[in-house]
Each structure stands twice: as structure tokens, then as C-alpha cells.
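full-length UniProt numbering puts the last residue of the sequence shown at 542; the count rises by one with no breaks. Beta carbons: idealized from backbone N, C-alpha and C, even for Gly.
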Amino acid sequence: MEQLYAAHRLSRDQEEIRLFHIHPGTWDADIEGEFSVVSLKNDSEFVALSYTWGNVIDAPPTTVKVQGQPIPVSPNLHEALRRLRWHALQYEEVVIWADALCINQADMQEKQHQIPLMRKIYSECQHTDVWLGELSHINLLPDPESRDPIEAVKNVIAKLKTDAHLTSISLFDRDETDTHFTNVQKIFDSVSRSPWFTRRWVVQEAILAPVVKVFFGPVSMDLEYLCMAMDMYADHIEINCCTTSELGHYQLRGSIRAFLQEFTSLRYYRDRYRGGKAHILDLCMDFASRETSLGHDYVYSLLGLTRPPSDIIPDYTIPLPVLFADICRDYVDQTRCLDFLPFAGNGDPQSEIPSWAIDWTGPDSTWKWLTRLFNPVGQLSQFPKCTSLYLQILGYPIDKIEGIAEFPTGPSTANIVRLFAADVLGNERLGAEYPTGGTWLEAWLRTLSADSCWGANSARRFTSKDIAFYLAALSGSADNIGPTVQLAGGREVLAYAHMNDIFRMVDLVQDGRVLFYTYQGYIGVADDVIGTGDTIYLSLEC
Numbered sequence: 001m002e003q004l005y006a007a008h009r010l011s012r013d014q015e016e017i018r019l020f021h022i023h024p025g026t027w028d029a030d031i032e033g034e035f036s037v038v039s040l041k042n043d044s045e046f047v048a049l050s051y052t053w054g055n056v057i058d059a060p061p062t063t064v065k066v067q068g069q070p071i072p073v074s075p076n077l078h079e080a081l082r083r084l085r086w087h088a089l090q091y092e093e094v095v096i097w098a099d100a101l102c103i104n105q106a107d108m109q110e111k112q113h114q115i116p117l118m119r120k121i122y123s124e125c126q127h128t129d130v131w132l133g134e135l136s137h138i139n140l141l142p143d144p145e146s147r148d149p150i151e152a153v154k155n156v157i158a159k160l161k162t163d164a165h166l167t168s169i170s171l172f173d174r175d176e177t178d179t180h181f182t183n184v185q186k187i188f189d190s191v192s193r194s195p196w197f198t199r200r201w202v203v204q205e206a207i208l209a210p211v212v213k214v215f216f217g218p219v220s221m222d223l224e225y226l227c228m229a230m231d232m233y234a235d236h237i238e239i240n241c242c243t244t245s246e247l248g249h250y251q252l253r254g255s256i257r258a259f260l261q262e263f264t265s266l267r268y269y270r271d272r273y274r275g276g277k278a279h280i281l282d283l284c285m286d287f288a289s290r291e292t293s294l295g296h297d298y299v300y301s302l303l304g305l306t307r308p309p310s311d312i313i314p315d316y317t318i319p320l321p322v323l324f325a326d327i328c329r330d331y332v333d334q335t336r337c338l339d340f341l342p343f344a345g346n347g348d349p350q351s352e353i354p355s356w357a358i359d360w361t362g363p364d365s366t367w368k369w370l371t372r373l374f375n376p377v378g379q380l381s382q383f384p385k386c387t388s389l390y391l392q393i394l395g396y397p398i399d400k401i402e403g404i405a406e407f408p409t410g411p412s413t414a415n416i417v418r419l420f421a422a423d424v425l426g427n428e429r430l431g432a433e434y435p436t437g438g439t440w441l442e443a444w445l446r447t448l449s450a451d452s453c454w455g456a457n458s459a460r461r462f463t464s465k466d467i468a469f470y471l472a473a474l475s476g477s478a479d480n481i482g483p484t485v486q487l488a489g490g491r492e493v494l495a496y497a498h499m500n501d502i503f504r505m506v507d508l509v510q511d512g513r514v515l516f517y518t519y520q521g522y523i524g525v526a527d528d529v530i531g532t533g534d535t536i537y538l539s540l541e542c
């Protein structure tokens with residue numbers, strides 16, 4: 001194998017890469033092909049593959065033949081190559097770049113000069129093929145009518161793309177006990193949970209590509225095709241015209257939306273990061289929920305998307321606390337902004353990471369997308385000082401904490417809020433004016449859910465109509481609201497669904513945090529490390 005790679009040696013100066021030419025073949029035939037070497041400085045036609053390696057330790061060994069020599073590859077890569085050959089109708093040669101095959105994984109020097117080329121590889125390919133995996137592992141039920149669930153999945157997406165009502169699709173004439181209905185839902189559930197949507201290295205591969213094609217099992221669809229289906233479906237969700245009472249229908253609608261929304265999110269990031277400025281900390285923030293095997297790769301896997309290109313050179317010998325603090329420090333230097341602070345301090349308390357820096361290996365945070373709604377800290381009139389351990393910043397003292405309380409959440413969150421409201425709605429103090437306007441009760445309700453609501457497609461700030469609905473529902477006058485509620489902008493949603501969205505926000509916001517109240521009557525929510533007597537500061541802004 002080493003001789004094969006040596007025979008196709010790569011020049012760093014010429015920005016050369018290997019390509020794998022897959023020979024035509026039947027489905028069961030061995031995957032065979034040959035290497036070629038091309039320079040990215042010249043125009044070359046090839047397809048880049050975006051996939052996850054999968055569990056290569058416990059998986060059975062698989063190989064492909066290159067110039068007749070067997071090369072070990074992961075089962076997921078083997079399946080992807082076989083599918084791409086199958087989609088080529090068994091008579092066209094497929095020219096592809098796949099990292100695990102086209103880079104000699106045993107040659108560290110080669111890996112070090114090939115990884116920085118990934119930006120150009122995925123930017124200059126004809127298109128990137130995103131492989132979500134085979135469907136053969138799904139335990140589909142025997143269908144006495146021999147209906148094809150994969151064709152039904154394709155039909156659902158195609159119908160949505162043409163702006164059809166979901167309830168007009170024949171699948172929704174059936175209930176959840178129907179074998180065909182169950183099989184279709186299993187497929188949507190499976191592809192929406194593909195590991196590809198959880199991994200971090202694949203992000204730049206899909207964002208940088210000129211065109212993205214999505215493959216799962218025998219299905220192939222363009223990214224834009226899937227996004228258009230979700231766009232049309234979202235319009236129907238907004239006006240509740242595709243709602244049925246069947247519980248199984250509700251679950252299937254959720255599965256379809258979960259799958260399609262992944263691609264509209266991807267399109268959003270393609271639009272955002274292919275042209276504009278992007279600091280590595282912004283990228284880490286946006287993709288905080290995506291995972292990687294090595295701690296350093298929480299940063300290094302996204303370097304290809306930074307604009308202007310980051311001067312960070314991947315170095316796995318740098319201690320993680322130093323790396324994580326360095327990117328926060330650089331962000332402050334570049335932007336004079338502290339909007340990342342709500343995410344700091346959420347990692348291991350025993351870690352050596354400074355409390356003002358973000359531990360990217362820790363759990364994803366609700367505040368990642370909530371703070372974008374508030375823009376809590378603008379550009380500072382001062383210039384913060386960062387040392388290796390400390391962030392020095394001037395702040396204005398607002399008040400001291402008089403007391404704290406943990407709000408119980410979980411399956412009974414809605415009942416807890418309702419019981420509180422029933423006890424206090426007549427209390428004169430809670431009807432008193434809050435220091436910044438409105439009543440204390442309104443401020444308490446806004447604080448519970450961070451003054452935000454997570455709807456069908458995105459998070460948004462509360463409006464006065466939301467609060468009026470909130471108070472009416474809690475006070476027992478919800479019967480006067482009706483089955484739907486009209487939100488700001490004229491959009492109507494189901495009343496019970498809107499209330500569920502609000503309670504879901506309470507669960508997300510209060511998880512792992514405490515409520516506090518101050519001597520001057522302010523209330524807020526913070527991490528559970530705060531205590532009575534702590535001072536609250538406001539950073540000085542322009």
C-alpha cells in the first residue's frame with residue numbers, strides 16, 4: 001500500500017491531490033479504480049465526498065482495489081462509493097476525492113500539507129456529494145401490498161416542493177398502524193438522525209461547495225430541491241392548513257420537518273459564510289452542537305471557513321485551555337465585543353480554562369441562539385485587557401442580589417407556572433410597576449422564558465400579544481382566546497401549540513440555572529454559581 005501512495009507522490013508546492021477513478025461495475029462487484037494526481041492550480045473535474053468515518057474500530061474490515069491493490073476503508077465510505085457508482089448507472093466512470101482514501105493516512109507529513117488544501121478542494125470541485133448513509137439497517141415491516149416506502153419518501157418531498165398540502169398526499173389517508181405509514185416514518189426518522197448532521201468536520205465541506213447533492217440509500221436530491229420543499233412546507237405550517245387530528249400524523253409531520261429543516265439551516269450557513277467575514281469564534285458558536293473526536297478539532301475543523309483566513313496553524317501539542325482562551329482573546333482584540341460571555345464558564349469546573357473563555361468540548365447551550373435575539377453587549381467604548389488568565393473590563397454596578405430560587409422544570413412545568421399564577425394573580429405587589437416598565441408579574445413571566453419563544457422555524461422575542469395571551473391562558477380566561485391565536489404580523493397558530501412553545505422555552509432557559517431578585521426589585525436568570533450578596537454589573541458600551 002505504501003508503494004502505491006509513493007507511486008502517486010504529491011507536490012506541496014503544486015497543491016497536488018490524488019483522485020480516485022471508480023470503474024463501472026455491478027452492485028455486488030468489488031469497488032475498483034485507479035489513482036491520478038492533479039494540481040489544484042489547474043482546472044480539474046472531480047466530485048468531493050462528504051461523509052462520516054463511522055466506528056472503524058469495531059466495524060468489519062472493508063477494502064477497495066486501487067490499481068489492483070486492496071486499500072482498507074471504513075464501511076460507511078465503502079457504502080458511499082458503491083452508491084455513487086450505482087447512481088452513475090454502471091457505465092460512467094466516477095472521479096472522486098475522499099479524504100480517507102486519497103490521503104495516505106499513515107503519512108503524517110502528507111496529512112499536514114493536505115488538510116490545509118481542503119478549502120480549495122471543496123470550493124473547486126464540480127459538486128460535493130453528502131452521504132447520509134444506507135437504509136438497509138432500518139427494520140422495515142413486511143408490507144402485504146408490496147408498497148415501496150422509499151418511493152413514498154421521495155413522493156412526499158416532491159409534493160411538498162410543488163406547494164402541495166401535506167394532507168393531500170395519499171400517505172396521510174392512513175393511520176399510524178398502517179404498515180406503509182410506519183415504514184415511511186422509520187425512514188424519515190432514520191435519515192434525520194444521520195451522524196452526518198452531528199459531526200463538525202463535514203460543515204466546511206458542504207458550505208464551501210459550489211453545488212451540494214444529498215444521497216441516502218438509493219435517493220439522490222439536490223440541496224436546493226430539499227430546501228424548496230421545506231420552504232413550501234413552512235408556509236403551510238405557519239397557517240396550520242395541513243393539520244390532522246391523528247397522533248401518528250403529528251409524529252410523522254415532525255419527522256419530515258426535522259429532516260428538511262437540516263437543509264434549510266445548511267443553506268443559511270452557506271449564504272452567511274461563503275462571502276462575509278467570519279471569525280473562528282463565530283463559527284465555533286454557530287456549530288457548537290456538532291461534535292468531533294479530538295478536542296482541538298472543535299476549532300481546527302472550522303478554520304477553512306474563516307474570512308479573512310485565520311492565522312491559526314493546527315497544532316495538537318497546544319494545551320486546550322490555551323487554544324480556547326486564545327480564540328476568545330483574539331475575538332476581543334478584533335471586535336472589542338464581549339457577546340460571547342454568556343457561553344463562558346459552562347465547562348468542567350476543574351478545568352484550567354479561564355472562566356471568561358468558552359469550553360467548546362462542553363454541552364451545547366440554549367443561550368447560543370437566544371443571545372442573538374438580544375445582542376446583549378455591543379462594541380465597547382473601552383478596550384478590554386486580556387492576559388493569559390484574566391479579562392479586565394470596566395462595568396457599572398446595577399444592584400446586589402437579595403435572594404435566589406431554583407425553578408422546578410420537567411413534565412409538570414406548565415402546571416407549576418399555572419399554580420404560581422393562580423396564587424399570585426390577585427397580589428397587589430405582583431401587579432405593581434416593574435422598574436423598567438410593565439408589571440412585576442409580566443417581568444417574571446418574561447424572565448422564565450428569556451422573553452423569547454421557540455416557534456416552528458426559529459426563535460423570536462416576545463411581543464405584547466404574546467404576553468397578553470400568556471396572561472390570559474394562565475388566568476383561566478384562555479377559553480375566550482379560541483382555538484387559534486394571532487401573533488404579531490398577522491400569523492395565526494394553534495393556541496395549545498403556542499402555549500407548548502412557551503413552556504418549552506421555560507424548560508430550556510431554566511435548565512441548570514437559578515432565578516434571582518435584587519434589592520431594587522429587578523429579577524433575572526443566571527448560572528447556579530451566583531449567590532446572595534453578589535453584585536450585578538453592566539458592561540460599559542458605546
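>> Give me, in chain order, the residues of the same chain whose beta-carbon lies closer than 7 Å to that of ARG513; leave out the 5 immediate sequence neighbours on both sides.
In response: VAL525, ALA526, ASP527 and ASP528
>> As a quick exercise: from ALA100, ARG257 and TRP53, pick the residue whose alpha carbon is nearest that of TRP196.
In response: TRP53
>> Report the start-end ranges of each alpha helix (DSSP H) in the stretch 142-222 that is 4 residues or longer and not cut off at the edges.
In response: 149-161, 179-192 and 202-208
> According to DSSP, is HIS137 helix, strand or coil?
Replying inline: coil
> Between LEU303 and ASP330, what straight-line distance do the alpha-carbon atoms span, to the nearest angstrom?
Replying inline: 14 Å
> Which value, in whole angstroms, describes the spacing of the CA atoms of SER355 and ILE207?
Replying inline: 32 Å
> Taking just the CA atoms, how far does PHE46 sit from VAL37?
Replying inline: 12 Å
> So who's on the other strand from LEU391, going by DSSP bridges?
Replying inline: CYS386
> By Cβ distance, which residues of its chain are closer than 6 Å to TYR300, with the 5 residues on each side in sequence left out?
Replying inline: PRO314
>> Quick check: the stretch 126-134 against the stretch 142-153, are at least 3 beta-carbon pairs closer than 8 Å?
In response: no
> Since LYS65 sits in a beta bridge, which residues does DSSP pair it with?
Replying inline: GLU32 and PRO70
> Does the Cβ of ASN500 have 16 or more other Cβ atoms within 10 Å, making it buried, or fewer, making it exposed?
Replying inline: exposed
>> Less than 7 Å between C-beta atoms, sequence neighbours within five positions excluded: which residues of the same chain meet that for ILE502?
In response: SER449, CYS453 and TYR470
> ILE157: which of ILE138, VAL219 and ARG200 sits nearest, CA to CA?
Replying inline: VAL219
> When DSSP labels each residue in this structure, what does ILE22 get in the three-state scheme?
Replying inline: strand
>> Classify TRP360: buried if its beta carbon has 16 or more other beta carbons within 10 angstroms, exposed otherwise.
In response: buried
>> By the DSSP assignment, the alpha helix (DSSP H) with ILE256 in it spans what residues?
In response: 247-273
>> Using 8 Å for Cβ pairs, my map puts HIS180 next to CYS242. What's the rounded Cβ distance?
In response: Contact doesn't hold; Cβ gap of about 19 Å is too wide.
>> Taking a contact to mean a Cβ-Cβ separation below 8 Å, would you say GLU205 touches ALA48 in this structure?
In response: yes
> Where in the stretch 305-361 do unbroken runs of the alpha helix (DSSP H), each at least 4 residues long, occur, reported from the N-terminal end onward?
Replying inline: 320-335
>> Here's the rule I'm using: 16 or more other beta-carbon atoms within 10 Å means buried, otherwise exposed. How should TYR496 be labelled?
In response: exposed
> Which residues mark the beginning and the end of the beta strand (DSSP E) in which CYS453 is found?
Replying inline: 452-454
> Where DSSP assigns a beta bridge to VAL47, which residues make up the other side?
Replying inline: ILE96 and HIS127
>> Would VAL506 and THR439 qualify as a contact pair, given that the criterion is a beta-carbon distance under 8 Å?
In response: no
> Can you name, in chain order, every residue of its own chain whose Cβ lies under 8 Å from the Cβ of GLY25, other than the five neighbours on each side?
Replying inline: ILE31, GLU32, ARG85 and GLN90
>> Just verifying my parser: in three-state terms, what is the DSSP assignment at PHE516?
In response: strand
> Shortest alpha-carbon distance to GLU92 belongs to which of GLU124, LYS154 and HIS21?
Replying inline: HIS21
> CA-CA distance, ASP222 and VAL322?
Replying inline: 41 Å
> Taking the alpha-carbon positions, what's the PHE340 to CYS284 distance?
Replying inline: 11 Å
>> Classify HIS498: buried if its beta carbon has 16 or more other beta carbons within 10 angstroms, exposed otherwise.
In response: buried
> For the candidate residues ILE327, TYR396 and ARG418, whose alpha-carbon lies nearest to that of ALA357?
Replying inline: ILE327
> Would you say ALA152 and VAL184 are within 8 Å of each other, going by their C-beta atoms?
Replying inline: yes
>> Between the alpha carbons of PHE188 and ALA229, how many angstroms are there, rounded?
In response: 14 Å
> In chain order, what residues of the same chain have a beta carbon less than 7 Å from the beta carbon of SER351, not counting five sequence neighbours either side?
Replying inline: PRO321 and ASP359
> Would you call PHE383 buried or exposed, if buried means 16 or more other Cβ atoms sit within 10 Å of its Cβ?
Replying inline: exposed
> Is DSSP giving SER464 helix, strand or coil here?
Replying inline: helix
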